[in-house]
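Take a look at the structure below.
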Amino acid sequence: MNSAQLADHVTRNVESASQVTRSRLLTPIPLSREGTDELATPVLTPEQVEGTSSDVREQVRQLREQVAALSEELATARNESTLSEADVRAIVHDEQGEQSE
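First residue of the sequence shown? That's 1 in full-length UniProt numbering, and the numbers climb one at a time after it.
What follows is the structure, encoded as structure tokens:
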């Protein structure tokens, strides 16, 4: 969206504002009604707040399990290499010879 499109959007969709600020992308900004401290749009909805601590704990537990499984797979892949050190050196030597030609 360029600045002309943004200006057109704001003109059509904003009735009044005493102060307009910019924020980082995806940073929630609560809006309040003029003349009152009551929030017109809360930063978080009640659904987002309910039960979040147990949900977050479960997500962290699942992530830890996935990281552990990936670490095991990586260790297995590193240790079960079918190429010996001599094979790897020969491949590197061949590649260097092709690049110098």
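Every residue gets a Cβ at the ideal spot worked out from N, C-alpha and C, and that includes glycine.
Query	Result
Three-state class that DSSP yields for E80 in the structure shown	coil
Three-state class that DSSP yields for N2 in the structure shown	coil
Collapsed DSSP secondary structure at T45 in the structure displayed	coil
C-alpha gap between E74 and S84, whole angstroms	This sequence places Leu at residue 74; Glu is not what is there. So the two alpha carbons sit approximately 18 Å from each other.
Start-to-end residues for the alpha helix (DSSP H) that takes in V14	V14 -> no alpha helix (DSSP H), and no H or E assigned at all.
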